[in-house]
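Contents: one structure, followed by commentary.
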Amino acid sequence: MSSVSPVSAFRRYVVAFGRFWWEFLIGDTPELLVGAVLAVVVVALFAHHGVARAVTVASLPVLVIAMLGASVRRAQRAAARTQRDAAATPPNPT
Amino acid sequence: MHSATFVLLASVFLASSVEMVEALTIVVAVGVTRGWRSALEGVAAALATLVALVVAIGPALVHYVPLSGLRIAVGGLLLVFGMQWLRKAVLRAVGLKAKHDEDAIFSEHVAELAAQQRPSTGRDSAAFAVAFKGVFLEGLEVVVIVLTLGVADHRLGLAAAAAGAAVVVVAIVGAIVSRQLAGVPENAMKMAVGLMLVSFGTFWSGEGVGVHWPGSELALPVLVAVYGVVAWVTVSVVGRERRAGVEVA
Numbered sequence: 412m413s414s415v416s417p418v419s420a421f422r423r424y425v426v427a428f429g430r431f432w433w434e435f436l437i438g439d440t441p442e443l444l445v446g447a448v449l450a451v452v453v454v455a456l457f458a459h460h461g462v463a464r465a466v467t468v469a470s471l472p473v474l475v476i477a478m479l480g481a482s483v484r485r486a487q488r489a490a491a492r493t494q495r496d497a498a499a500t501p502p503n504p505t
Numbered sequence: 008m009h010s011a012t013f014v015l016l017a018s019v020f021l022a023s024s025v026e027m028v029e030a031l032t033i034v035v036a037v038g039v040t041r042g043w044r045s046a047l048e049g050v051a052a053a054l055a056t057l058v059a060l061v062v063a064i065g066p067a068l069v070h071y072v073p074l075s076g077l078r079i080a081v082g083g084l085l086l087v088f089g090m091q092w093l094r095k096a097v098l099r100a101v102g103l104k105a106k107h108d109e110d111a112i113f114s115e116h117v118a119e120l121a122a123q124q125r126p127s128t129g130r131d132s133a134a135f136a137v138a139f140k141g142v143f144l145e146g147l148e149v150v151v152i153v154l155t156l157g158v159a160d161h162r163l164g165l166a167a168a169a170a171g172a173a174v175v176v177v178a179i180v181g182a183i184v185s186r187q188l189a190g191v192p193e194n195a196m197k198m199a200v201g202l203m204l205v206s207f208g209t210f211w212s213g214e215g216v217g218v219h220w221p222g223s224e225l226a227l228p229v230l231v232a233v234y235g236v237v238a239w240v241t242v243s244v245v246g247r248e249r250r251a252g253v254e255v256a
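Line order of the protein sequences matches chains A and B. Counting in this note's numbering, the first sequence runs from 412 upward without gaps. Counting in this note's numbering, the second sequence runs from 8 upward without gaps.
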C-alpha cells in the first residue's frame, strides 16, 4: 500500500503544476516579466495623466527595446563569466 | 488582406510550423524506433487535447472577459512571450546560445527509446507517452499564441485555422521526406515570430491602457519593422563584440 497521504500527493501535484507554468512562461528571464509589467504600468500612467500623445505612443516600444537590450546584455555577461570561470579552473590531473 | 490580419496569420503559421518541426523530430524518432502505430496514437491524442484546450478556453474568454482588460492581459503575455522568443533568437544568432539541433535531438530520442523494453503485444506505452509529450509540450506554446492573438483580435477561428494549416503542411513535408526536418531555418523563423509577437504585445497592451496608435492597426507593421531593425542592430553589435573579444561591463 502507498504511504503517501492524499494531502501531500495533492501538494506535490500543485507544486509541480506551478513549476511547469513558471518554467513555461518565465523560465530564466524573470526580468522580462517584471519589465513588461512595469512598462505597461508606466504607459498607463502616461495615457491617463495627460502626457503628450507622441511621448505616450513612443514610450512602450522604447521601454520594450530597453528591456530586451538589458536582457541580452545580462546573457552576454553570464556567458563571459562562465567562460572566465572555465578558463580559471585548473585542468583535472586524472 | 488587412495588414493586421496578415501579421496575425503569419505569426500563428510560423510559430506553429517551428513548434511542429520540433515535435516532428520526436515523433519520427519514436516511429522509426518503436513502430508507427503507438507514435501516431500519441500524436492524435495530443492534438485532440490541444484542440480541446482552444475550444474550451477561447470562446469563454471572448464572451465573458471585457475587451480592454483582455487586451492588457493578452498584450502583456504576448510581450513577455515575444521578448523571450526574440531574445533567444538573438542569442542563437550571435552564438551565445546553442542552436536547436534536430539531428542531435533525434539521435538522443532514438538511443533513449531503443534502450527501453518493447511490449510483445498491444500498445507500446513508452512510444505513446513520448510522442504525446513531444507534441503536447511543443503545441502548448502554439495554443497560448492562438488563444492570445485570436481572442484579442476576435479572430480565434482564423488563428486556429492558421495553426492547423501549419500542422498539416509540416506533417505532409515530414511524410514526403520521411525524416526529421533538420534543414529548416528554425532560428530565422523564431526571430520572425518573436518580432511579430512583441509587436502585437506592444500594440494590444498599449490599446488596453488607452494608447491611441497613429493609423490604428497600420501601426502594427511599423512596430514589426522598428523591432526588426533593433534586432538586426543588436545581432550586429553583439556579434561584432563577441568576435573582437570585447569584455562586457
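Backbone N, C-alpha and C define an ideal beta-carbon position, used for all residues, glycine too.
Quick check on the burial criterion: 16 or more other C-beta atoms within 10 angstroms. Buried or exposed for residue i?
i: residue 116 of chain B; result: buried
i: residue 358 of chain A; result: Because chain A in this structure spans residues 412 to 505, residue 358 of chain A falls outside the shown range and cannot be described.
i: residue 30 of chain B; result: buried
i: residue 240 of chain B; result: exposed
i: residue 95 of chain B; result: buried
i: residue 234 of chain B; result: buried
i: residue 89 of chain B; result: buried
i: residue 131 of chain B; result: buried
i: residue 433 of chain A; result: exposed
i: residue 223 of chain B; result: exposed
i: residue 114 of chain B; result: exposed
i: residue 486 of chain A; result: buried
Excluding the five sequence neighbours on either side, which residues of its own chain have a C-beta within less than 6 Å of the C-beta of residue i, listed in chain order?
i: residue 121 of chain B; result: 40
i: residue 458 of chain A; result: 467
i: residue 138 of chain B; result: 34, 37, 46, 49 and 50
i: residue 248 of chain B; result: none
i: residue 42 of chain B; result: none
i: residue 208 of chain B; result: 82, 85, 86 and 89
i: residue 57 of chain B; result: 146 and 150
i: residue 133 of chain B; result: 123
i: residue 446 of chain A; result: 478
i: residue 16 of chain B; result: 169
i: residue 181 of chain B; result: 31
i: residue 60 of chain B; result: 150
Since residue i contacts residue j with CB under 8 Å, what's their CB separation in whole angstroms?
i: residue 257 of chain B; j: residue 50 of chain B; result: Lying outside 8 to 256, the shown extent of chain B, residue 257 of chain B is not represented and no answer is given.
i: residue 156 of chain B; j: residue 18 of chain B; result: 6 Å
i: residue 198 of chain B; j: residue 93 of chain B; result: 7 Å
i: residue 472 of chain A; j: residue 230 of chain B; result: 6 Å
i: residue 79 of chain B; j: residue 215 of chain B; result: 3 Å
i: residue 153 of chain B; j: residue 167 of chain B; result: 6 Å
i: residue 178 of chain B; j: residue 149 of chain B; result: That pair is no contact at about 14 Å.
i: residue 226 of chain B; j: residue 202 of chain B; result: Going by Cβ atoms, the distance from residue 226 of chain B to residue 202 of chain B rounds to 14 Å, so no, they are not a contact pair.
i: residue 28 of chain B; j: residue 174 of chain B; result: The Cβ separation is near 11 Å, so there is no contact.
i: residue 221 of chain B; j: residue 14 of chain B; result: Their Cβ separation, rounded to whole angstroms, is 17 Å, which puts residue 221 of chain B and residue 14 of chain B out of contact at 8 Å.
i: residue 12 of chain B; j: residue 112 of chain B; result: About 34 Å separates the two Cβ atoms, so there is no contact after all.
i: residue 25 of chain B; j: residue 193 of chain B; result: 6 Å
i: residue 464 of chain A; j: residue 219 of chain B; result: 7 Å
Taking 7 Å as the limit between beta carbons, can you name the residues of its chain near residue i, skipping five residues before and five after?
i: residue 69 of chain B; result: 158, 161 and 163
i: residue 470 of chain A; result: 453, 454 and 457
i: residue 415 of chain A; result: none
i: residue 474 of chain A; result: 450 and 453
i: residue 104 of chain B; result: 95 and 98
Go through its chain and collect everything with a Cβ distance to residue i's Cβ below 8 Å, but skip five positions before and after it.
i: residue 135 of chain B; result: 45, 46, 48, 49 and 52
i: residue 66 of chain B; result: 163
Using a Cβ-Cβ distance cut-off of 8 Å, determine whether residue i contacts chain E.
i: residue 472 of chain A; result: Chain labels in this structure do not include chain E; the protein chains are A and B.
What residues from the stretch 417-430 of chain A come within 9 Å of chain B, judged by C-beta to C-beta, listed N to C? none
Which residues, in order along the stretch 72-94 of chain B, keep a beta-carbon less than 7 Å from a beta-carbon of chain A? 79, 83, 86, 87, 90, 91, 93 and 94
Members of the stretch 213-236 of chain B that neighbour chain A once the beta carbon cut-off is set at 9 Å: 213, 215, 216, 217, 218, 219, 220, 221, 226, 230, 233 and 234
Could you run through the stretch 143-176 of chain B and flag, in chain order, every residue whose CB is less than 9 Å away from some CB of chain A? 144, 147, 148 and 151
Please identify, using Cβ separations under 8 Å, the residues of the stretch 189-207 of chain B that lie next to chain A, in order along the chain. 205
Which residues, in chain order, does the stretch 448-469 of chain A contribute to contact with chain B at a C-beta distance below 8 Å? 448, 450, 451, 454, 455, 458, 459, 464, 467 and 468
Please identify, using Cβ separations under 8 Å, the residues of the stretch 430-441 of chain A that lie next to chain B, in order along the chain. 435, 436, 437, 438 and 440
Can you pull out the residues from the stretch 96-122 of chain B whose beta carbon lies closer than 7 Å to at least one beta carbon of chain A? 97, 98 and 103
Interface residues of the stretch 473-489 of chain A facing chain B [CB-CB below 8 Å]: 475, 476, 478, 479, 480, 482, 483, 484, 486, 487 and 488
Residues of the stretch 10-28 of chain B with a CB closer than 8 Å to any CB of chain A: list them in chain order, please. none
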